[in-house]
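If you're matching positions, the sequence shown starts at 1 in UniProt numbering and goes up one per residue. Beta carbons: idealized from backbone N, C-alpha and C, even for Gly. All values derive from a computational prediction rather than experimental measurement.
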Amino acid sequence: MLCSNWPCRKYANNYLVCTIGRNYWHAVNRSYRDNDSDTSYDDVRDNPIKNTWDLIYHENDQLLFGARQEPADLSSLHPNAVQIFRLCHLFIESVNPLLQVVHAPSLQSRIIEAADNIPNIEPNFEALMFGIYSMAVVSLTNEDCIKLFGTTRSILLQQYHRGSQEALLNARFLRTDNRNCLTALFLHLLSIRPKMDPRSVSSMLGIALRTAQRLGLDNESDLAKCDVIEAEMRRRLWWALILFDTRICELIDTKKTALTPTWDCRIPLNVNESELRTGLRDGARTQTAISDSIFVVVRSVIADFIRHSSFYLNFTNPAMNTATKNPNTKSYVKGGEVDTLEKELENKYLQLCNPEIPLQFMTIWTARSYIARYRIIERLSTLDGPVGDTQRDALGLMAVNMIACDSRIMTSPIVKGFLWLIQMYHFPFTAYIQLLQDLKRRPTSSIAAQAWSKIDENFTARLLFQENAKSPFYQMVSKMILQSWDARQVIPNDQVGLVTTPGIVSYLKNNTNLHQTENPKSVDNIPISTANFTSLNNTTAENLPLKMLEMGFDDIYTYSFMELDPNQIQWLSKDWD
Numbered sequence: 001m002l003c004s005n006w007p008c009r010k011y012a013n014n015y016l017v018c019t020i021g022r023n024y025w026h027a028v029n030r031s032y033r034d035n036d037s038d039t040s041y042d043d044v045r046d047n048p049i050k051n052t053w054d055l056i057y058h059e060n061d062q063l064l065f066g067a068r069q070e071p072a073d074l075s076s077l078h079p080n081a082v083q084i085f086r087l088c089h090l091f092i093e094s095v096n097p098l099l100q101v102v103h104a105p106s107l108q109s110r111i112i113e114a115a116d117n118i119p120n121i122e123p124n125f126e127a128l129m130f131g132i133y134s135m136a137v138v139s140l141t142n143e144d145c146i147k148l149f150g151t152t153r154s155i156l157l158q159q160y161h162r163g164s165q166e167a168l169l170n171a172r173f174l175r176t177d178n179r180n181c182l183t184a185l186f187l188h189l190l191s192i193r194p195k196m197d198p199r200s201v202s203s204m205l206g207i208a209l210r211t212a213q214r215l216g217l218d219n220e221s222d223l224a225k226c227d228v229i230e231a232e233m234r235r236r237l238w239w240a241l242i243l244f245d246t247r248i249c250e251l252i253d254t255k256k257t258a259l260t261p262t263w264d265c266r267i268p269l270n271v272n273e274s275e276l277r278t279g280l281r282d283g284a285r286t287q288t289a290i291s292d293s294i295f296v297v298v299r300s301v302i303a304d305f306i307r308h309s310s311f312y313l314n315f316t317n318p319a320m321n322t323a324t325k326n327p328n329t330k331s332y333v334k335g336g337e338v339d340t341l342e343k344e345l346e347n348k349y350l351q352l353c354n355p356e357i358p359l360q361f362m363t364i365w366t367a368r369s370y371i372a373r374y375r376i377i378e379r380l381s382t383l384d385g386p387v388g389d390t391q392r393d394a395l396g397l398m399a400v401n402m403i404a405c406d407s408r409i410m411t412s413p414i415v416k417g418f419l420w421l422i423q424m425y426h427f428p429f430t431a432y433i434q435l436l437q438d439l440k441r442r443p444t445s446s447i448a449a450q451a452w453s454k455i456d457e458n459f460t461a462r463l464l465f466q467e468n469a470k471s472p473f474y475q476m477v478s479k480m481i482l483q484s485w486d487a488r489q490v491i492p493n494d495q496v497g498l499v500t501t502p503g504i505v506s507y508l509k510n511n512t513n514l515h516q517t518e519n520p521k522s523v524d525n526i527p528i529s530t531a532n533f534t535s536l537n538n539t540t541a542e543n544l545p546l547k548m549l550e551m552g553f554d555d556i557y558t559y560s561f562m563e564l565d566p567n568q569i570q571w572l573s574k575d576w577d
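Here you go:
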C-alpha cells in the first residue's frame, strides 16, 4: 500500500522498484512554489537543513577515529616535495590503472600546487593525498621502499595511515558531500585491508557505501546532473566500492553484498582519461578500440553480468532471482550463462588487447581467470545427484585453467607493478580446493599429471612473492598439497607411471618451518578434515554456501587468502564415495 503512494515508480528488469524520484525536500518546495516559477528546486533544497545539522552535531566526526578538539596539523606527516611527486607517479603508474578512481590529468596540477603550500591544502584533497601515498607504498615491495625512500614499507605505511586517518577527520568524512573525500576513504580502507580483520573493514566500508548512495553515485538520474568528468569519476568510484565490498563479504561469509540488480549506475566508459575534460556536457565517445580504462571496464562488465546471473542470485538472494531476470544473461543451455559472458568479453574486448602492453596483458588474464572461476561455480551449482568421473575431470580441467591464468600473471615480468592487486585479492583458492580434493581421492585420474604441473608452477610463484609464507593459511594449503601427493605415492608405480616429484613438494617437505612452527595453533592443529575431503554428491545451488563464490573482484581489489578461516572449507567435507 505504501509503495503505490510514492511519487515515482520505475520498472527495472521486469520488477517494480519503488523510489522517491528526487527527495522529500523537493516535494515540500514544490508544494509551496508558484506554478509559473522558474526557480529550480536545486536552488532551495536541503542546504539549510544540512547547515543546521553542522551546527548541532559538530563533534560527530570523532565517532570512529577517536576524539580531539581541533583539526590536526599534518604538515609533518607529509613526505618532502620530491617524494610527493614520486609517490604520485607510482600511484598513477601502478595503482590507478587498476582502479581509475582518480582523474590523473587533473591530479598532477593539483599535486604541484599542494606540494608548494603544504600547510594550506584543502582538507578533502589532503585526505586524498594521504590515500594516494598509502596505496603507492602498498604497490611496492619492502626492498623497493628502502631503495626509493630510505625506510621500510611498514614504517611508511604506519606514517601515511596515521596521516590518512587524521586527514579524514579534518575533512569531516562522516558527513562529507565531496567525492575526493569519499575516494580518500576508499583508498584508506583498501590500503589497511591486509592488516585488518575483514569484519572491521566491512563495517567501515558500509559507511563508505552509504555515503556514496547519499551522493547519488548509484543513481543515473543523479549522475545526469553532473558534468561528464564528474559523472564518470563517480561511476568508477561506485564500481570500485561495490567490488571491494563484494570481496569483503566473501571473506566474512555473508550474503549481504551490494552487488545486486537493484541500482542502475552504468558501467564506466571505455575512454582515455585525456578525453574527460572538466565542463564537458555532451559526453565522451566510447572507444571501439582499447583505452587506458580497459581493466576497469572489463572488471565492471563481469560484475554487472554476474549481479544479474541466476547462479549468483541463487547464492545471494534466491527471492530476487525470479524477479530480476536479465535477458542478457539468459542461456538456453542449463549452466551456460558463463559461456555467454565469455563470448562477450572475448569478442568485444580481449581479442583487441595487445598482450605486450602490461595493462592489457593484465586485463586478458584477469578476465580469463574470472571466467574460469565462475565456470567452476556455475557447474557446481547445477550438480544434482552422484558425480561421475567425467564430471570430475571436467571440473578439474576448469580448476587447472584457473590456476594457469593466475600463473600467467604471477610469472610475467611486465606486470610487476600490478602484482599488489593479485597478491591482495586473487589467490585461486576455489581451484586449489577443487584440484587437491580430487588428487587425494583420485590420484590416478586422467588429469592428475596436468594438475600437479600447474599447482607446482603456481604455488612456487606465489611463495616467491609472499612476505608471510609462515602464515597459518599458507601452511594449511601446503599441508593439503603434501597430503594429496602422499596419496599418489602409495599407489604402485605401474598404475600411476613414473612421475617426477614436483619441485614444490620437495621444497615443502624440506621446509622444517612447515612442521615446527612457533605458533601452537598452526598447521598440525588446523582441522582441514583431509581424511573426509569434499564430496560433490547431493550438492545443489540451494545448499552450496556463499563461500563457494570466492570471486575476488577487484575490483577489488582483491585478497591475501591467508586471512581466510581454514574451518570454512568444511563445506567440502562430504564423502566422495
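Heavy atom of the ligand GDP within 8 Å of residue i beta-carbon
i       : result
Leu-187 : Ligands in the displayed structure: none, and consequently the ligand GDP is not present.
Endpoints, alpha helix (DSSP H) assigned at residue i
i       : result
Pro-268 : Pro-268 -> no alpha helix (DSSP H), and no H or E assigned at all.
Arg-193 : From DSSP, Arg-193 is part of no alpha helix (DSSP H); its letter is neither H nor E.
Pro-105 : 104-115
Thr-444 : Taken as a continuous stretch (DSSP letters only), Thr-444 belongs to no alpha helix (DSSP H), as it is neither H nor E.
Thr-363 : 358-382
Thr-246 : 228-251
Cys-145 : 142-149
Lys-348 : 337-348
Gln-391 : 389-410
Lys-509 : 503-510
Ser-139 : Taken as a continuous stretch (DSSP letters only), Ser-139 belongs to no alpha helix (DSSP H), as it is neither H nor E.
Pro-198 : 198-214
Val-82  : 81-90
Gly-385 : Here Gly-385 belongs to no alpha helix (DSSP H), and DSSP marks it neither H nor E.
Thr-316 : 310-316
Asp-222 : 220-223
Gln-100 : Counting along the chain, Gln-100 falls outside any alpha helix (DSSP H), and DSSP gives it neither H nor E.
His-161 : 153-170
C-beta contact flag for residue i and residue j at 9 Å
i       : j       : result
Phe-186 : Tyr-160 : no
Arg-235 : Arg-266 : yes
Ala-115 : Glu-126 : no
Leu-74  : Glu-166 : yes
Phe-418 : Ser-94  : yes
Val-415 : Pro-492 : no
Ser-381 : Leu-341 : no
Pro-261 : Trp-239 : no
Val-296 : Leu-98  : yes
Met-410 : Ala-372 : no
Ile-447 : Thr-366 : no
Phe-311 : Glu-378 : yes
Pro-198 : Met-424 : no
Asn-317 : Lys-255 : yes
Asp-292 : Glu-273 : yes
Leu-157 : Leu-148 : no
Thr-363 : Tyr-374 : no
Whole-number beta carbon distance between residue j and residue i, since they are thought to touch under 8 Å
i           : j       : result
Ile-155     : Val-201 : Not quite, the Cβ-Cβ distance comes to about 22 Å (not below 8 Å), so this is no contact.
Ile-376     : Ala-404 : Contact doesn't hold; Cβ gap of about 13 Å is too wide.
residue 619 : Asp-406 : Summary: the structure shown does not reach residue 619, with the chain confined to residues 1 through 577, and so no result is reported for it.
Leu-360     : Ile-290 : Here residue 360 is Gln; the residue named in the question, Leu, does not match the sequence. Indeed, because the Cβ distance is near 6 Å, the residues count as touching under 8 Å.
Leu-436     : Met-476 : In fact, because the Cβ distance is near 11 Å, the residues do not count as touching under 8 Å.
Leu-259     : Arg-307 : 5 Å
Pro-71      : Asn-170 : 5 Å
Leu-395     : Gln-434 : 6 Å
Leu-223     : Gly-216 : 7 Å
Leu-168     : Ala-212 : The Cβ separation is near 15 Å, so there is no contact.
Check your understanding: Taking three-plus beta-carbon pairs below 8 Å as touching, is the region 437-447 in contact with the region 387-399?
Key -> Here the region 437-447 makes contact with the region 387-399; the two share three or more CB pairs at distances below 8 Å.
Review point. Would you say the region 184-199 touches the region 131-141, given that touching needs at least three Cβ pairs under 8 Å?
Key: The region 184-199 makes contact with the region 131-141; the number of CB pairs closer than 8 Å reaches 3 or more.
Point to revise | Given 8 Å, three or more beta-carbon pairs between the region 102-110 and the region 295-309 | key: Counting C-beta pairs with one atom in each stretch, the region 102-110 and the region 295-309 have fewer than three that are closer than 8 Å, which means they do not touch.
Practice item. Would you be able to state if there are at least three C-beta pairs under 8 Å between the region 174-182 and the region 86-93? Key: Because the criterion of three Cβ pairs below 8 Å is not met, the region 86-93 and the region 174-182 do not touch.
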